[in-house]
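What follows is the structure, given as structure tokens:
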């Protein structure tokens, strides 16, 4: 994952405009939240899926950067006082703690808009039909029927407790749709067969849920210094999570089962899917 | 303009998802701000520019709807307490006054994302190369080098006074870029000559500034009931505007000169540009 993270970091550094004049605060704020690290898990999924179909890196890295911009904008907006009101992200102050709420709102809007700008630049070397398909898929995954929808259900959950099937739907929208888009983008770029598309979609769906259950476990058991964000927030907010509904032991076992399911979806790819199997193991074993 | 407003309203009504379940608040909030009226000036500019090059309405209305979604999201976010903190828009309570800040932030994000989704749906009957060009142009006009950049300079202006050339740049970014995209979209859809593109770009640039100067005049002289939003906000906030820098009489004369300039750009279109001339006259004579 380190090599992909470096490649994406380089791409993002070039793509996010620098400004020394009247736009310098906005530009600093966008860079702060997009270049400040993170696991770059979504770019990894996207680029490794694309690599399985021999898509050139210069094409897949652009789409990976677009997805990462969407992910970063969502964190900036989710951390706002009116939303989750978080002070800490990746071990550093959140965007609005540094730049103020107004700039954080604009920077989030700017990162979101930039994702669609860079995906449609003529220099991508990606065929325009594919660019348009990718723009459509990314907007669906990030929009009301995907990530934003999940966030809206999450907001609502502060007022009434969700059951297990509702939590599962929430997380499939909030985290799962963007994971799903990452592997889908690989198959679109690589003109994969429908069998391969379905296999990767199954992989991403199980992986996304396992990722979220592990997040919930880290929120309960984790160390704030290691995770880099506030812990036990969900519990304090009285929100239902996989862990509060299932208990620690069953949640951990469910995450493990989901990872086995996700890996099972990759069977017919044989050695080509080695990296995707590794990342699945990483997702449940991580400590941050 | 009434016919275009109706056509766009119909398109937006179909395109914004309705939800009766867990996403109903988000969906209501998005509909509230996108279907609640407004002059639909940007869709008019876009569809009339496209009509000059014989672009079918079923194509241009989709792009017009995308631009209007961008415009509506920007109003929702600009009205937030951390931004302009406005309670009134188009004579009705602003989005966050009805749905709360968190939902208003998400609804804005949702409308912004939806713009790129509907622009890239396969059902647009627009060639994919054109769809991608339009997505790129819209993202540029709405992003850091356009509308969001203008908004960022505007924020900054609360702390130090801008001079006339800085105000002009601010407004060219904040309002002008989206106006510019509207006429550009017409020329992209209609494969216009570079002479026609340049003429319409000149028209939109002068029109955008005249529009903003008129807004500043209405802010000083207007009637809150008629305009439907709070007046004298800029003055109260100590913000420099065209009117505070030039005085009422000179500002009105500048707006009139700009409208004459914008109409002069249309000369070689003869009768084909009648609607665009009419809208230019409307922009400076309007009372809301």
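Residue numbers (our numbering), protein chains in the order written: chain A, 1 to 288; chain B, 289 to 576. Idealized CB from N, CA, C, for every residue including glycine.
Assigned exposure category for residue i - 16 Cβ within 10 Å defines buried
i                      : result
residue 297 of chain A : Missing from the structure shown is residue 297 of chain A; chain A here goes from 1 to 288 and no further.
residue 163 of chain A : exposed
residue 331 of chain B : buried
residue 214 of chain A : buried
residue 193 of chain A : exposed
residue 183 of chain A : buried
residue 325 of chain A : Any property of residue 325 of chain A remains undetermined from this structure, which presents chain A solely from 1 to 288.
residue 504 of chain B : buried
residue 186 of chain A : buried
residue 487 of chain B : buried
residue 267 of chain A : exposed
residue 158 of chain A : exposed
residue 468 of chain B : buried
residue 291 of chain B : exposed
residue 438 of chain B : buried
residue 306 of chain B : exposed
residue 323 of chain B : exposed
Closer than 7 angstroms: residue i CB and nearest the ligand MG heavy atom
i                      : result
residue 338 of chain B : Although the ligand MG was asked about, the structure shown includes no ligands whatsoever.
Residue i at chain A interface by Cβ criterion, 8 angstroms
i                      : result
residue 586 of chain B : In the structure as shown, chain B starts at 289 and stops at 576, and residue 586 of chain B therefore has no counterpart that could be examined.
residue 444 of chain B : yes
residue 436 of chain B : yes
residue 497 of chain B : no
residue 510 of chain B : no
residue 352 of chain B : no
residue 339 of chain B : no
residue 386 of chain B : no
residue 569 of chain B : no
residue 394 of chain B : yes
residue 428 of chain B : yes
Enclosing alpha helix (DSSP H) for residue i [first to last residue]
i                      : result
residue 10 of chain A  : 2-15
residue 21 of chain A  : Looking at the DSSP string, residue 21 of chain A is not in any alpha helix (DSSP H), and its letter there is neither H nor E.
residue 286 of chain A : No alpha helix (DSSP H) contains residue 286 of chain A, which DSSP labels as neither H nor E.
residue 268 of chain A : Unbroken run through residue 268 of chain A: none, as it is neither H nor E.
residue 526 of chain B : Careful: residue 526 of chain B lies outside any alpha helix (DSSP H) and carries neither H nor E.
residue 540 of chain B : 536-552
residue 502 of chain B : 482-509
residue 385 of chain B : 383-387
residue 42 of chain A  : 41-52
residue 456 of chain B : 452-459
residue 60 of chain A  : 57-78
residue 35 of chain A  : It is not in any alpha helix (DSSP H) - residue 35 of chain A carries neither H nor E in the DSSP assignment.
residue 444 of chain B : 435-444
residue 186 of chain A : 177-189
residue 418 of chain B : 416-430
Residue-level contact to chain B via CB, residue i, 8 angstroms cutoff
i                      : result
residue 101 of chain A : yes
residue 22 of chain A  : yes
residue 1 of chain A   : no
residue 145 of chain A : yes
residue 167 of chain A : no
residue 240 of chain A : no
residue 153 of chain A : yes
residue 172 of chain A : no
Contact residues within the segment 110-135 of chain A, judged by C-beta distance below 7 angstroms to chain B
110, 112, 113, 114, 116, 117, 120, 121, 128, 129, 131, 132, 135
Give the residues from the segment 70-86 of chain A that approach chain B closer than 7 angstroms (Cβ to any Cβ), ordered along the chain.
77, 80, 82, 83
Which residues, in order along the segment 26-40 of chain A, keep a beta-carbon less than 8 angstroms from a beta-carbon of chain B?
26, 27, 30
Counting pairs of Cβ atoms below 8 angstroms between the segment 386-393 of chain B and the segment 428-438 of chain B, do you hit three or more?
no
Are there three or more Cβ pairs, one per stretch, closer than 8 angstroms when the segment 190-209 of chain A is compared with the segment 261-268 of chain A?
yes
Under 8 angstroms: do the segment 237-250 of chain A and the segment 306-322 of chain B share three or more Cβ pairs, one atom per stretch?
no
Just checking, does the segment 110-118 of chain A make contact with the segment 66-77 of chain A on the three C-beta pairs under 8 angstroms criterion?
yes
With three or more beta-carbon pairs closer than 8 angstroms as the criterion, would you say the segment 53-68 of chain A touches the segment 11-18 of chain A?
yes
Could you tell me whether the segment 535-545 of chain B touches the segment 498-513 of chain B, using the rule of 3 or more Cβ pairs below 8 angstroms?
yes
Say whether the segment 362-371 of chain B touches the segment 128-139 of chain A, bearing in mind that this needs 3 or more beta-carbon pairs closer than 8 angstroms, one atom from each stretch.
no
Of all the residues that make up the segment 6-18 of chain A, which are near chain B by a beta-carbon distance shorter than 9 angstroms?
16, 17
Going along the chain, which residues of the segment 468-498 of chain B sit with their C-beta nearer than 7 angstroms to a C-beta in chain A?
none
May I ask you to list, following chain order, the residues of the segment 250-261 of chain A that have a beta carbon less than 8 angstroms from some beta carbon of chain B?
none
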